[in-house]
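Going by this note's numbering, the sequence shown opens with residue 126, and the numbers climb by one from there.
Step one of this worksheet: look at the structure below.
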Amino acid sequence: MPLPDPIDAVTSGQPACTYAGLASRGAMLWHAERQVWIATREASVRAVLDHPGCRVRPVGQPVPPALAGTAAGDVFGRLVRMNDGVDHRRAKDAIVAALDATDLAEVRHLTRRWTGRLFASGSTRLAFDVPVHVLGALLGVPDDRLPKVMSWTGSFAGAVAPHASAGVIARGIDAAGHLVAECSELLDMAEAGTLPWRLRTAFARAGLDDRDVVIANAIGLLVQTHDATAGLIGNAIVHLAVHPDAIDAGSPLSPQIMKIVRHVSRRDPSIQNTRRFVADDVTIVGTSIPAGASILVLLAGANNESTESWEFGYGRHACPGQAIAMTIAAACVETLVSEGAVPAEAPMSIRHVHSSNARIPRLAGFTGAGQ
């Protein structure tokens, strides 16, 4: 009996059912049609993400071939999240140190401000726009430059997605050049204590005083928040529309919204899967996987068995910006609820933005597309 398609599940009506069905067939499965191994259960997901032989890029291909030798490829190749090896731990620790010093009260303030402004201006992609505007503001981008940075970030994110078209890649390459110039200027102008200053200082203290690497990873923060936080916002809005009684009008709103966002990050996460590439023959929960194979890691599948959220990954490549992303999503949704902007009821059916790993609902006014 053929296995269900885990990629199609990402944008299906009930992905959890597909993942549960796969998990019932085994912890590690070979999907002949997709030519990929699948880690379906919490134990196998954890084992793959922990294993040093399972890497974020194929051996000998640090950059996607379509981006090699371009500005976008240069940025991609310097991203901490796209590297393993001796410098990864130090670089990851530098990013964690820089982000951990971020004042979440400031993040909430910026999110409420930009949600209100973008909603009032008629933004049609508010769930994408707000997170990038907030991260851009934290990086020191002037208000009048934020729309450009938002546009470039979206173009770059599109170019690094699997199976991007030639036109999308070309726009992403052009956008990468603009983002490098923008972030270079932000580093030059950074005042003590600001996020770009903290990034530059943390990398230097880690012995990685490479300006190009710092610039690339500042861009990486913008790109990571683009799809992941948009999906979290969109899925929380869907949850509220499906469950109109989820908010108790007699209780403080903020903790209720944060509880909903946490629930959504476990039960309807924006990032459904990630990939690993096998550098050497490995054994994962008793299954032998040969070198050269690729593994689709079902983060959302692990959520079915866990009380914690796997949306932000695990282990050495876990997302360092989880607290910031959750804060942005909760503050954005809270502001929309206060403005009466959340739909009173869910559409009969919800379609999703086409993606192999991100679950982002198509919602008019929030993600740029209606039903």
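Glycine included, each C-beta is placed from N, C-alpha and C at the ideal position.
query	result
Length of the line joining the Cα atoms of D130 and L304	36 Å
Given 8 Å, three or more beta-carbon pairs between the segment 196-209 and the segment 462-476	no
Beta-carbon proximity of G411 to A164, cut-off 9 Å	no
Backbone CA spacing between P267 and M314 [nearest angstrom]	12 Å
Neighbour-count burial assignment, C308, 16 or more Cβ in a 10 Å radius	buried
Nonlocal neighbours in the same chain, by C-beta distance under 6 Å from L271, ignoring five residues either side	H258, G261
Reduced DSSP category for A483 - H, G, I as helix; E, B as strand; rest coil	strand
Rounded straight-line distance, which links the Cα of L312 to that of L324	9 Å
Three-state secondary structure assigned by DSSP to M126	coil
Whole runs of the alpha helix (DSSP H) within the segment 340-365, excluding any shorter than 4 residues	none
Extent of the continuous alpha helix (DSSP H) run through R214	213-225
Segment contact flag, the segment 169-180 with the segment 432-445, C-beta cutoff 8 Å, min 3 pairs	yes
Rounded Cβ spacing between D352 and A282 (contact assumed at less than 8 Å)	6 Å
A145 versus G265 - alpha carbon distance	44 Å
For A223, the nearest candidate out of W322, A289, V285, G185 (CA to CA)	W322
Under the three-state DSSP convention, the category G495 falls into	In this prediction, G495 has a pLDDT of 45, which is less than 50 and means its spatial position is unreliable; nothing more can be read from the coordinates.
R392 versus L424, V403, T408, residue with shortest Cα-Cα distance	L424
Stretch pair the segment 332-342 + the segment 200-212: three plus CB contacts closer than 8 Å	yes
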